[in-house]
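Novice: Submitted below is the structure of interest, expressed as structure tokens.
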Amino acid sequence: MISKLAKETARRRTFGIISHPDAGKTTLTEKLLLFGGAIQLAGSVKARKAATHALSDWMSIEQERGISVTSSVMQFDYRDYTVNLLDTPGHQDFSEDTYRVLTAVDSALMVIDHAKGVEPQTEKLMEVCRMRNTPVVTFINKLDREGMDPLEILAQIEDKLQIECVPLSWPVGMGKQFKGVYDLYRGQLHLFTPGRDTRADEGGVTIRDLDDPRLDELLGSAADKLREDLELLAGAANPYDHQEFLKASQTPVFFGSAINNFGVKELLDAFVELAPAPGCRPAEPRPVCPDEESFSGFTFKVQANMNPAHRDRIAFFRICSGRFQRGMKVKHQRLGKEVVLSNATIFMAQDRANVEEAYPGDIIGIHNHGTIKIGDTFTAGKDELRFTGIPNFAPEHFRRVLLKNPLKAKQLSKGLVQLAEEGAVQVFRPLQGGDFILGAVGVLQFEVTVARLKAEYGVEADYEPVAYGAARWVSADDRKLLEEFKAKNWNNMALDAEEHLTFLSESPWMLSRTMEMFPRVTFHKTREHS
Ligand code: GDP
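The opening position of the sequence shown corresponds to residue 364 in the numbering used here, with each subsequent residue numbered one higher.
Okay, here's the thing in structure tokens:
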């Protein structure tokens with residue numbers, strides 16, 4: 364007999380959407396939630412997006428601790444599956460959290476605007492997926508508009524993202540001539556009518572043999588083009604191989620139009636079937652598998668409450684094994700302390716009363732007062748465990764902190780160290796001089812840091828620009844070599860908040876030059892929390 368734990372784990376699908384701003388992530392998220400019956404939340408996804416255009420709005424939303432927290436994780440049921448969709452903040456609130464969310468998922472859905480092709484943010488997020496070989500499903504969006512030729516876009520994905528594309532659907536025309544998609548996965552033709560919401564399951568027309576004359580009746584002259592395309596494709600693309608997808612060397616590709624809700628159901632149907640259930644996770648001293656009876660998991664994001672009257676935080680916690688029950692006792696591994704998880708939130712897109720348990724793949728929110736850091740492991744068993752692979756990511760933006768009142772230096776230092784622990788920003792102390800240099804993946808992190816220093820630590824700080832453009836943690840087997848590297852680059856060396864040696868470079872170009880000059884020094888793009 365299969366245990367309840369194994370059954371619940373097998374039906375979980377935990378994923379994030381990776382895309383460049385404006386590709387259609389918000390629109391697609393809303394459509395996915397509609398299929399999951401979580402209609403109320405669909406509106407708030409858009410509301411949140413609208414609100415992120417100004418820092419003040421963002422902060423007041425954080426203050427109310429409403430929408431942004433609930434839309435950070437959206438759980439909904441679809442068919443026999445329980446889907447956890449983790450928000451990957453984009454636009455102005457693009458930050459290290461965006462990267463770190465991807466360490467907590469089992470798969471990713473990549474959305475590409477077919478007029479724009481592969482854009483920079485998508486490349487960055489794919490790089491993070493590649494670190495763990497996270498399987499990726501691709502959705503090419505906005506086929507109702509003119510865009511690149513489908514074969515051309517696939518070639519671009521393969522070239523820029525180094526992943527083999529296997530189309531499981533194929534578009535018939537585009538823009539004004541967009542006729543629909545042919546579902547290669549099921550051998551069905553789906554016809555597109557502009558402006559019509561195809562949420563209802565219309566099933567499509569089943570045409571397994573492409574020589575079927577019904578194809579010509581339905582598509583007219585576009586039928587021959589489809590045949591030609593598919594013939595070309597059969598010669599050019601490998602068939603779908605599930606193992607290759609799971610290893611992240613192949614990505615199944617779907618075409619559609621999110622705003623018209625076209626191709627979305629086919630995407631979701633295939634996604635829940637193909638995407639993996641939670642699997643084993645890397646940890647020290649051994650990997651942890653979801654079917655282990657004893658509960659475990661890790662924190663991948665800490666969200667502060669911006670209201671100074673309520674200093675509590677929510678730690679986002681991914682369950683990796685066992686069953687969570689409200690009120691259970693767990694061990695906070697870093698502190699070696701027992702804590703009771705009474706005040707935990709289970710994220711859901713629908714209001715469902717009395718949910719008292721959660722399973723591997725699910726995300727719970729744990730309220731705390733600053734005792735939980737990014738990467739912290741909690742377990743219910745006796746084992747000493749530490750999940751790995753939830754790192755800091757090399758920042759790309761830098762500022763020097765200016766303190767308005769020098770008497771507050773101590774509070775500044777304390778505040779920055781705590782904010783760094785929480786993952787809000789990264790803090791570096793150059794070996795030369797006593798400044799604080801802040802590093803971030805997204806610039807909004809700087810504004811949030813200044814606002815939080817004031818609200819939570821009573822410190823008024825400001826920034827000035829600083830001439831750095833890239834950072835790497837450095838190490839070398841040979842201590843002498845590292846000392847030599849340090850001495851030669853003294854003005855660019857710093858320690859981060861956990862005292863790890865870091866090389867701050869003026870530009871990515873200077874960085875690669877230095878890397879060439881010191882081939883035996885290792886330059887790390889990520890650093891594990893200690
Ligand atoms: P996000 O920034 O990735 O979350 O993108 P949004 O979902 O907000 O979409 C960006 C813009 O593209 C919005 O104006 C959407 O209405 C529009 N959009 C989204 N999907 C489609 C589509 O399938 N076709 C067209 N023509 N526009 C779309």
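Glycine residues also receive a C-beta, built at the ideal position from the N, C-alpha and C atoms. All values reported here derive from a predicted model rather than from experimental measurement.
(1) Can you tell me where the beta strand (DSSP E) holding V651 begins and where it ends?
(2) In its own chain, which residues sit with a C-beta less than 7 Å from the C-beta of V474, not counting the 5 before and 5 after it?
(3) Is it the case that the CB of D456 approaches a heavy atom of the ligand GDP more closely than 7 Å?
(4) Count the other C-beta atoms from every protein chain shown that fall within 10 angstroms of the C-beta of E509, then say buried if there are 16 or more, exposed otherwise.
(5) To the nearest angstrom, how far is the alpha carbon of F541 from that of A585?
(6) Using a Cβ-Cβ cut-off of 6 Å (strictly less than) and excluding sequence neighbours within five positions of A417, which residues of its own chain qualify?
(7) Got a sec: does the ligand GDP put a non-hydrogen atom nearer than 7 Å to the Cβ of T389?
(8) To the nearest angstrom, how far is it from the Cα of V535 to the Cα of I622?
(9) Candidates F710, D841 and P653: which alpha carbon is nearest S366's?
(10) Whether or not the stretch 785-803 and the stretch 759-777 are in contact is what I'm after, with contact meaning three or more pairs of Cβ atoms, one per stretch, closer than 8 Å; do they touch?
(11) If you draw a straight line from the alpha carbon of R428 to that of D592, how long is it in whole angstroms?
(12) By DSSP, does S875 sit in helix, in strand, or in coil?
(13) Between the Cα of G619 and the Cα atoms of Y831, M537, C683 and E819, which residue gives the shortest distance?
(14) Taking contact to mean 3 or more Cβ pairs, one atom from each stretch, closer than 8 Å, check whether the stretch 783-797 and the stretch 433-445 are in contact.
(15) By alpha-carbon positions, which one of P498, P530 and Y603 ends up nearest to T377?
(16) What does a CB cutoff of less than 8 Å around S838 pick up in its chain, not counting 5 residues either side in sequence?
(17) Q795: which of E823, W836, W853 and V813 sits nearest, CA to CA?
(18) Measure how close the beta-carbons of V804 and E459 come, nearest whole angstrom, since I'm counting them as under 8 Å.
(19) Considering only heavy atoms of the ligand GDP, does any lie closer than 7 Å to the CB of P384?
(20) Could you tell me whether any non-hydrogen atom of the ligand GDP is closer than 7 Å to the CB of I622?
(21) So what does DSSP say about L506, is it helix, strand or coil?
(22) Expressed to the nearest angstrom, what Euclidean distance is found between the alpha-carbon atoms of K851 and P769?
(23) So for D512, helix, strand or coil by DSSP?
(24) Among the candidates T708, A707 and V693, whose CA atom is the shortest distance from the CA of E701?
(25) Using CA atoms only, rank isn't needed, just tell me which of G598, V806, S875 and Q551 is closest to L578.
(26) If you measure from the CB of G453, is any heavy atom of the ligand GDP nearer than 7 Å?
(27) May I ask you to list the residues that DSSP assigns as paired with R792?
(28) Alpha carbon to alpha carbon, how far is G752 from D859?
(29) Count the other CB atoms, across all protein chains shown, that sit within 10 Å of the CB of R749; report buried if there are 16 or more and exposed otherwise.
(30) Using only CA atoms, which one of D440, T812, L595 and M856 lies nearest to W836?
(31) With burial defined as no fewer than 16 other Cβ atoms inside 10 Å of the residue's Cβ, what is the status of E784: buried or exposed?
(32) Is the beta carbon of K505 within less than 7 Å of some heavy atom of the ligand GDP?
(33) Buried or exposed, going by whether 16 or more other CB atoms sit within 10 Å of the CB of S423?
(34) Going straight from the alpha carbon of M691 to that of R571, what length do you get?
(35) Can you give me the C-alpha to C-alpha distance between A757 and E869, rounded to a whole angstrom?
(36) Does the distance from the CB of A611 to the CB of I729 come in under 8 Å?
Specialist: Answer, in terms of the structure:
(1) Unbroken run through V651: none, as it is neither H nor E.
(2) Only residues of its own chain outside the window of five on either side were considered, and among them I380, S382, A386, G387, K388, L391, F502 and N504 have a CB closer than 7 Å to the CB of V474, listed in chain order.
(3) Relative to the ligand GDP, even the nearest heavy atom lies 7 Å or more away from the CB of D456.
(4) With fewer than 16 Cβ atoms within 10 Å of its Cβ, E509 is classed as exposed.
(5) Roughly 10 Å separates the two Cα atoms.
(6) A caution first: A417 carries a pLDDT of 43, below 50, which makes its placement in the model unreliable, though a value can still be read off. So the list is empty, once near-sequence residues are dropped.
(7) Yes, the Cβ of T389 comes within 7 Å of a heavy atom of the ligand GDP.
(8) Between V535 and I622, the C-alpha separation is close to 18 Å.
(9) In terms of CA proximity to S366, P653 leads the group F710, D841 and P653.
(10) The stretch 785-803 and the stretch 759-777 touch, with three or more beta-carbon pairs separated by less than 8 Å.
(11) Confidence in R428 is poor, its pLDDT being 38 and thus under 50, which makes the residue's placement unreliable; the coordinate value appears in the next sentence. Their Cα atoms are separated by approximately 50 Å.
(12) Three-state result, S875: helix.
(13) Ranking Y831, M537, C683 and E819 by Cα distance to G619 puts M537 first.
(14) No, they do not touch.
(15) For T377, the nearest C-alpha among the options comes from P498.
(16) Same-chain partners within the cutoff: L845, L864, V884, T885 and H887.
(17) Considering only alpha carbons, the answer is W853.
(18) Contact holds; Cβ gap of about 4 Å.
(19) Yes, since a heavy atom of the ligand GDP falls inside the 7 Å radius drawn around the Cβ of P384.
(20) Checking the Cβ of I622 against the ligand GDP gives yes.
(21) The answer is coil: DSSP assigns L506 none of H, G, I, E or B.
(22) Approximately 32 Å between the Cα atoms of the pair.
(23) Three-state DSSP puts D512 in coil, outside helix and strand.
(24) Selection T708, A707 and V693 evaluated against E701 yields V693 as nearest (Cα-Cα).
(25) With distances taken between Cα atoms, L578 lies closest to Q551.
(26) Yes, the beta carbon of G453 sits closer than 7 Å to at least one heavy atom of the ligand GDP.
(27) L858, per the DSSP bridge assignment.
(28) Their backbone Cα atoms lie some 18 Å apart in a straight line.
(29) Flag for R749 reads buried.
(30) If we check each option's Cα against that of W836, M856 comes out closest.
(31) With 16 or more other Cβ atoms within 10 Å, it is buried.
(32) For the ligand GDP, at least one heavy atom lies less than 7 Å from the Cβ of K505.
(33) Note that S423 has pLDDT 49, beneath the 50 cutoff, so the model's placement of it is unreliable and the number below is only indicative. Counting C-beta atoms within 10 angstroms of its own C-beta, S423 has fewer than 16 neighbours from the protein chains shown and is therefore classed as exposed.
(34) The alpha-carbon separation between M691 and R571 amounts to approximately 53 Å.
(35) Taken atom to atom, the span from the alpha-carbon of A757 to that of E869 is near 14 Å.
(36) Not closer than 8 Å, so no.
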